[in-house]
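Visitor: Chains L and F, in that order, give the protein sequences.
Going letter by letter, the first sequence gives residues 1 to 113 in this note's numbering.
Going letter by letter, the second sequence gives residues 1001 to 1116 in this note's numbering.
Each residue gets a CB set at the ideal place from its N, CA and C atoms; glycine is no exception.
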Amino acid sequence: GESVGLHLPTLSVQEGDNSIINCAYSNSASDYFIWYKQESGKGPQFIIDIRSNMDKRQGQRVTVLLNKTVKHLSLQIAATQPGDSAVYFCAENMSGANNDMRFGAGTRLTVKP
Amino acid sequence: DSGVTQTPKHLITATGQRVTLRCSPRSGDLSVYWYQQSLDQGLQFLIQYYNGEERAKGNILERFSAQQFPDLHSELNLSSLELGDSALYFCASSVGVSGGAYNEQFFGPGTRLTVL
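So, in structure tokens, the structure goes:
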């Protein structure tokens, strides 16, 4: 498959452990945030989103935390599985504005069996 | 499968040449977005079209242009290609034009452009 971001920060975890991926966003006016997963050879795939009026949102095995004070997002993946191995990006944009998303640099998650 | 299609999957060309990348959005989506993903720059927003009209511009070079046709498919034209233009080019689509929830962008599989 295609290689994405060979120089990305990496996180390596054991299968079954929890993973935490962090992201700092840049625009204090952003009020909507998304986490994307990108597997090798594929386009980014939506995982979970959160609006700025929340500080936590849970999905299936994933939780996103938002700290607006320090402009920080995190993605927590519970019971990480080999299929979770991918590059994870956070993205930010503003409701009501044009939908041009600004992506973070990405983190490569590797799950060891 | 996101429902967004892109062609070609791979493209190899020489410096100075011009290429056209094509994107078909998901059925019902009116907005199309183009992104460039290179090893040292990450995902960069290039341009957004909504129902045939340009809506937002990002880091798109003057050598690049795009359009959205009446059937809502879009083309990204890259001219006077340079080695540094080698990258993955992604198209995404969404229903509406604005940011925020309920207007999720769905990404296509990308076109890998290699400039030799």
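At 8 angstroms on the CB atoms, spell out the chain F contacts of residue 49 (chain L), in chain order.
Guide: 1101, 1104, listed in chain order.
Visitor: Alpha carbon to alpha carbon, how far is residue 24 (chain L) from residue 70 (chain L)? Give it in angstroms, no decimals.
Guide: C-alpha separation (whole angstroms): 8 angstroms.
Visitor: Applying a beta-carbon distance threshold of less than 8 angstroms, which residues of chain F neighbour residue 67 (chain L)?
Guide: Within chain F, no residue comes near residue 67 (chain L); the closest Cβ sits about 19 angstroms away, beyond 8 angstroms.
Visitor: If you count every other CB in all the chains shown that lies within 10 Å of the CB of residue 96 (chain L), and 16 or more means buried, which is it?
Guide: Residue 96 (chain L) comes out exposed.
Visitor: Helix or strand or just coil, what does DSSP make of residue 55 (chain L)?
Guide: The answer is coil: DSSP assigns residue 55 (chain L) none of H, G, I, E or B.
Visitor: Assess, as a yes-or-no matter, whether the segment 56 to 66 of chain L is touched by the segment 1010 to 1024 of chain F under the definition of 3 or more beta carbon pairs within less than 8 angstroms.
Guide: No, because fewer than three Cβ pairs between the segment 1010 to 1024 of chain F and the segment 56 to 66 of chain L fall closer than 8 angstroms, the two stretches do not touch.
Visitor: I want to know whether the segment 1073 to 1085 of chain F touches the segment 1020 to 1039 of chain F - three or more CB-CB distances under 8 angstroms.
Guide: Yes: at least three Cβ pairs fall under 8 angstroms.
Visitor: Determine the burial state of residue 16 (chain L): buried for a count of at least 16 other Cβ atoms within 10 Å of its Cβ, exposed for fewer.
Guide: Residue 16 (chain L) is exposed by the Cβ-count criterion.
Visitor: Scan the segment 1060 to 1078 of chain F for residues whose Cβ lies nearer than 8 angstroms to a Cβ of chain L and list them as they occur along the chain.
Guide: Listed by position, the residues of the segment 1060 to 1078 of chain F near chain L (Cβ gap below 8 angstroms) amount to none.
Visitor: For residue 1108 (chain F), does the three-state DSSP call read helix, strand or coil?
Guide: Coil, per DSSP.
Visitor: Residue 1055 (chain F) touches chain L at which residues, Cβ-Cβ below 9 angstroms?
Guide: The answer, in chain order, is 98, 99, 100.
Visitor: Write down the C-beta distance between residue 88 (chain L) and residue 109 (chain L) rounded to the nearest angstrom, noting that I regard them as a contact closer than 8 angstroms.
Guide: Yes, they are in contact, since the Cβ atoms of residue 88 (chain L) and residue 109 (chain L) sit about 6 angstroms apart, within 8 angstroms.
Visitor: Is the distance from the Cβ of residue 1058 (chain F) to the Cβ of residue 1090 (chain F) below 8 angstroms?
Guide: Their beta carbons are not under 8 angstroms apart, which means residue 1058 (chain F) does not touch residue 1090 (chain F) by this criterion.
Visitor: Under the DSSP definition of a beta bridge, which residues are partnered with residue 1014 (chain F)?
Guide: According to DSSP, which records beta bridges pairwise, residue 1014 (chain F) is partnered with nothing at all.
Visitor: Strictly by DSSP, which residues pair up with residue 32 (chain L)?
Guide: Paired residue(s): L:51, L:93.
Visitor: May I ask you to list, following chain order, the residues of the segment 6 to 38 of chain L that have a beta carbon less than 9 angstroms from some beta carbon of chain F?
Guide: Taking 9 angstroms as the Cβ-Cβ cut-off against chain F, the residues of the segment 6 to 38 of chain L that qualify are 6, 7, 8, 30, 31, 32, 34, 36, 38.
Visitor: May I ask you to list, following chain order, the residues of the segment 75 to 96 of chain L that have a beta carbon less than 7 angstroms from some beta carbon of chain F?
Guide: Per Cβ criterion, the list reads 89, 93, 94, 95, 96.
Visitor: Leaving aside the five residues before and after residue 49 (chain L) along the sequence, list all residues of the same chain whose C-beta is less than 6 angstroms from its C-beta, in chain order.
Guide: Around residue 49 (chain L): 34.
Visitor: Alpha carbon to alpha carbon, how far is residue 45 (chain L) from residue 37 (chain L)? Give it in angstroms, no decimals.
Guide: One C-alpha to the other measures close to 5 angstroms.
Visitor: Is DSSP giving residue 1088 (chain F) helix, strand or coil here?
Guide: Residue 1088 (chain F): strand per DSSP, three-state reduction.
Visitor: Which whole-angstrom value is the C-beta distance of residue 1033 (chain F) and residue 1092 (chain F), which I expect to be below 8 angstroms?
Guide: At roughly 4 angstroms, the Cβ-Cβ gap stays under 8 angstroms, so residue 1033 (chain F) and residue 1092 (chain F) are in contact.
Visitor: Pull out every residue of the segment 1082 to 1099 of chain F whose Cβ sits closer than 8 angstroms to any Cβ of chain L, in chain order.
Guide: Listed by position, the residues of the segment 1082 to 1099 of chain F near chain L (Cβ gap below 8 angstroms) are 1088, 1090, 1092, 1094, 1096, 1097, 1098, 1099.
Visitor: In its own chain, which residues sit with a C-beta less than 7 angstroms from the C-beta of residue 1036 (chain F), not counting the 5 before and 5 after it?
Guide: Cβ within range, chain order: 1044, 1046, 1087, 1089.
Visitor: Considering only the beta carbon of each residue, do residue 29 (chain L) and residue 101 (chain L) sit closer than 8 angstroms?
Guide: No, these two residues do not count as a Cβ contact at 8 angstroms.
Visitor: Determine, for residue 106 (chain L), whether the minimum Cβ-Cβ distance to residues of chain F falls below 8 angstroms.
Guide: True, the Cβ-Cβ gap to chain F drops below 8 angstroms.
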